[in-house]
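Asks: Could you have a look at this structure, given as structure tokens, before my questions?
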Amino acid sequence: MVICLIALPIFAILGIFSLKYRQLAWEAFHCLFKTVQLKPCDTGIDQRIKSKYTAKLMWWPGLARAFYKYFAVLSWIFVILMLVSTYFTGVGVYNYEKYGNCNGPDSNAFCIFNVVKPNQEECSATGVKQTLYPDKVKIEGYPVRGDPNAKLTIVEYGCFSCPYTKEAEPVVRQILQDYHDVNLVYHDVPLSIHKYSIEAAEAALCAKDQDKYWAYHDILFDKQNLLNDTVFYDFAQELNLNVTQFKECYSTKKYEAEINQSYANALDVGIYGTPTFFIKQANLVGPQKYKTFKAIIEDNLG
Amino acid sequence: MNIEKIRKDFPILNEKKAPIYFDNACMTLKPVQVINKMNEYYEQYPACGGRSHHRLAEKVTEETMKARKEIANFFNAKNEREIIFTRNTTEGINLVANSIRWNKGDIILTSDKEHNSNLIPWIVAKNRGLRHEIFKFNDVEDFKKKIKGVRLVSIVHTSNVDGSSNNVHEMIKIAHENNASVLLDAAQSAPHKSVDVRKLDVDFMVASGHKMLGPSGMGVLYGKMHLLEELNQFLVGGDTVKNSHYHTFEPEDIPERFEAGLQNYAGMIGFAEAVRYLKKVGLKDIEEHELKLNAQLTDAFNNLGITILGPKDPKLRSGVVGFNVGQMNPHDVALMLNTHNIMIRSGMHCVHSWFNAHKINGSARASFYLYNTSEEVEEMIKRMREIVKLR
Ligand SMILES: Cc1ncc(COP(=O)(O)O)c(C=O)c1O
């Protein structure tokens, strides 16, 4: 009886823990073996399953009767459903391993594995997960790291005071080092839940005035734990910026409008947490493994 | 007979989810008296009987002697030395089959509805040049036709398939008129009604203790003394001889001669306690009670159109109701009842030969005992009402 195809893996797993289920697994295997040979199963395991559930359905005689009569058909349906769901589970596991998301790189829909073992942690922007719109991502006017004419662009929506954005940094830097065909566009999304996020965003853009944006960007993440009211000047000094000019820029909030614009774009795109990465249509929320970027990049570079 | 009081004696019936146990033809439940008596052996005198000369061994010997006496009385044997302890009915039959001093061509006659235990030993015996004949169950006329020249009649008393009985009184008489001995398989009768070996004048009788409240793996073989004396020894070794030399030995007395090796002393003592319990309740009352339950279930089954195996009259079927629900697989019925905590047996009940000959693919079987109640039967009827709807 084909029902044993379902029973076998269940009992086999339970059988790791208990002798009783090991016996049942053996019976299911034996039964399946017979079924494959088109012989009737003689361990009675199919019969036990059928009778047990028929008895449990007795409060609804019509249903019990149908279940009892059409058990063979039902078990075929179950087997097909199992095979189909096994296939999709397999695809999901493959996607999860490769892209960190069981629904594939282009989706940010619910993925059960992330609940079981969350790897997509992010700094919450909106408090709820929502649909992302990669088409609304803006690139022009935002700082670019790497070859401006690179074939592929990773767009990152990050926040200087978000620990998860910091956590994502080393992998991103490594990727840029390893793939010269790839550049990075960084959008700042200063989340109000983090102290100094706006200040850091302003400071970074002030450094851009002196062509030290990426150096300042890096120091902000590297020394994220040191952020305070005065540290931004220290960083400027450390990077040999013209501190007077920097101070002027910073204290007058020269880039307030740009920052608001960047933030508004993030809301348009649907960013609900930082960091969020877009690589063409693919999106990744939270720090990612190197191999996840690698897989998507190589898919796109061909 | 106070069933409430009886049920209190059975630990398992006092559990929260007490089973509705209708598989008594296979194995019965055990009362606390039997369990305690066996524990007494294990706790107070867990030694060997017969051999050693110390206080514990003497106690074991004394208790097993008492046990043998108790069981001899239960079957009304003339002498307790005619009682041989075995593991079960099967072993008893094998012991007889392998111990009689057969002559080539000797005929063994059995009915056509024998338990494998009373069939296979005779099929195997054909290898030794013996012959095996079969008569129709409970058909005295057919029995008369086949009895000529038979050496041993080996018949079941009450069938475990349908609860019907062979007319053994008549058959034993006829057998003796024809110089045949009779071995009676009382596995299904001894627990439920009086089996008086002297009144029956039966030559050998076998039964299983575990089907009559006794410990599992404990049985009995009765044989008339002069017949036991004529038997060869089958299982031999320790405790079966008085003395031995390198090439010869001197057999032990009967019955120890047939009880090889150290014995299940706790089992013997527990078995005796079980028959003591049955005697106290009274086999007459037990039989009457079972027939009442049988009538109750039979009535309901007739109304539900469930086929009952064997005679229509429940009075002729002891405490056994063998049945089939249309073409439904009997295992399904048993499994479904099991989900409602009702335990019956299904299949061919070790009587494959009869089922195969009648082209019946097995049956379900409910079998009662003294602790079963009318309410339990009612619960089974309720579930069967649901099950028949699946037909
Ligand atoms: C009629 C009959 N004979 C023999 C036996 C065998 O008994 P045991 O298994 O105790 O040897 C049984 C038990 O099922 C029986 O019902």
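Chains as they are written, first to last, in my numbering: chain A, -14 to 287; chain B, 886 to 1276. Every residue gets a Cβ at the ideal spot worked out from N, C-alpha and C, and that includes glycine.
Would you report the Cα separation of A/C234 and A/F220, rounded to the nearest angstrom?
Replies: Going from the Cα of A/C234 to the Cα of A/F220 covers about 14 Å.
Asks: Give the interface partners of B/H1216 over in chain D, defined as CB-CB distance under 9 Å, in chain order.
Replies: Any reference to chain D falls outside this structure, whose protein chains are A and B.
Asks: When DSSP labels each residue in this structure, what does B/M962 get in the three-state scheme?
Replies: As written in the sequence, residue 962 of chain B is Ala, which differs from the Met given in the question. Note: B/A962 maps to coil in three-state DSSP.
Asks: Which partner residues does B/M1090 have in the DSSP bridge list?
Replies: DSSP output for B/M1090 lists B/L1069, B/Y1107 as bridge partner(s).
Asks: Answer yes or no: do B/L1120 and B/D1088 have a C-beta to C-beta separation smaller than 8 Å?
Replies: No, the pair does not count as a contact, with Cβ atoms beyond the cut-off.
Asks: Using the rule of at least 16 other Cβ atoms within 10 Å of the residue's Cβ for burial, across every protein chain shown, is A/A57 buried or exposed?
Replies: A/A57 comes out exposed.
Asks: Give the interface partners of A/F43 over in chain B, defined as CB-CB distance under 7 Å, in chain order.
Replies: Here residue 43 of chain A turns out to be Met, not Phe, going by the sequence shown. Under the 7 Å cutoff, chain B gives E1271.
Asks: Can you give the Cα-Cα distance for B/H1042 and B/E1158, rounded to whole angstroms?
Replies: Going from the Cα of B/H1042 to the Cα of B/E1158 covers about 24 Å.
Asks: Strictly below 9 Å CB to CB, what residues from chain A border B/K998?
Replies: In chain order: nothing, as chain A lies at least about 25 Å away.
Asks: I'd like the list of long-range same chain contacts for A/N250, defined as Cβ closer than 6 Å, with 5 residues on each side in sequence excluded.
Replies: Contacts found: K123.
Asks: Using a C-beta cutoff of 8 Å, does A/Y53 count as contacting chain B?
Replies: So yes, A/Y53 belongs to the interface.
Asks: Could you check whether the stretch 175 to 186 of chain A touches the stretch 276 to 284 of chain A, counting it as contact only if at least three pairs of C-beta atoms, one from each stretch, sit closer than 8 Å?
Replies: No: the two stretches stay apart, fewer than three of their Cβ pairs being nearer than 8 Å.
Asks: Just to make sure I have the definition right: I need the residues of chain B whose C-beta is within less than 9 Å of the C-beta of A/T39. Which are they?
Replies: Ordered by position in chain B, the residues that pass the 9 Å Cβ test against A/T39 are D1217, L1220, M1221, T1224, I1272, L1275.
Asks: Check each residue's C-beta against every heavy atom of ligand 1 and list, in chain order, those closer than 5 Å.
Replies: In chain order, the hits are B/N973, B/T974, B/T975, B/H1000, B/S1002, B/V1041, B/N1045, B/D1070, B/A1072, B/Q1073, B/S1093.
Asks: Which residues in chain B sit within 7 Å of A/A49, going by Cβ to Cβ distance?
Replies: Under the 7 Å cutoff, chain B gives L1275.
Asks: When the Cα atoms are used, what is the spatial distance from A/A(-8) to B/K1274?
Replies: Distance between the alpha carbons of A/A(-8) and B/K1274 is about 27 Å.
Asks: Run the CB neighbour count on B/D1070, radius 10 Å, all protein chains shown included, and call it buried at 16 or more, exposed below.
Replies: It is buried - the Cβ of B/D1070 has at least 16 other Cβ atoms within 10 Å.
Asks: Please confirm whether A/P260 has its beta-carbon closer than 8 Å to some beta-carbon of chain B.
Replies: For A/P260, the answer is no, since every Cβ of chain B falls outside 8 Å of its Cβ.
Asks: What residue ranges within the stretch 1177 to 1227 of chain B form continuous alpha helix (DSSP H) runs of no fewer than 4 residues, ordered along the chain?
Replies: Whole alpha helix (DSSP H) segments, 4+ residues: 1215 to 1224.
Asks: What residues match up with B/V1035 in a beta bridge as DSSP calls it?
Replies: Paired residues: B/I992.
Asks: If you reduce the DSSP assignment to three classes, tell me which class B/G1123 lands in.
Replies: Of the three classes helix, strand and coil, the one that applies to B/G1123 here is coil, per DSSP.
Asks: According to the Cβ coordinates, are B/V1105 and B/T971 closer than 8 Å?
Replies: Cβ distance < 8 Å, so B/V1105 and B/T971 count as in contact.
Asks: Cα separation between B/A1180 and B/K1200?
Replies: Taking the straight line from one Cα to the other gives about 7 Å.
Asks: Of all Cβ atoms in chain B, is any one closer than 8 Å to the Cβ of A/P46?
Replies: Yes, A/P46 counts as interfacial toward chain B.
Asks: Under three-state DSSP, which class holds B/E1018?
Replies: Strand, per DSSP.
Asks: Do you know whose CA, among A/P148, A/I30, A/G131, lies nearest A/Q162's CA?
Replies: It is A/G131 whose Cα lies nearest to the Cα of A/Q162.
Asks: Would you list the residues sitting across from B/E1135 in a DSSP beta bridge?
Replies: B/N1128.
Asks: Apply the 10 Å Cβ neighbour rule to A/P(-6) and answer buried if 16 or more other Cβ atoms are within range, or exposed otherwise.
Replies: Exposed: under 16 other Cβ atoms inside 10 Å.
Asks: Are the stretch 1213 to 1225 of chain B and the stretch 30 to 39 of chain A touching, with three or more C-beta to C-beta distances below 8 Å?
Replies: Segments in contact, yes.
Asks: Considering just the uninterrupted stretch of the alpha helix (DSSP H) at A/F63, what are its terminal residues?
Replies: It spans 56 to 84 - the alpha helix (DSSP H) in which A/F63 sits, taken as one unbroken run.
Asks: Would you list the residues sitting across from B/A1251 in a DSSP beta bridge?
Replies: Note: B/A1251 sits in a beta bridge opposite B/V1206.
Asks: Run through DSSP, which three-state label would A/D91 get?
Replies: DSSP places A/D91 in coil when its eight states are reduced to three.
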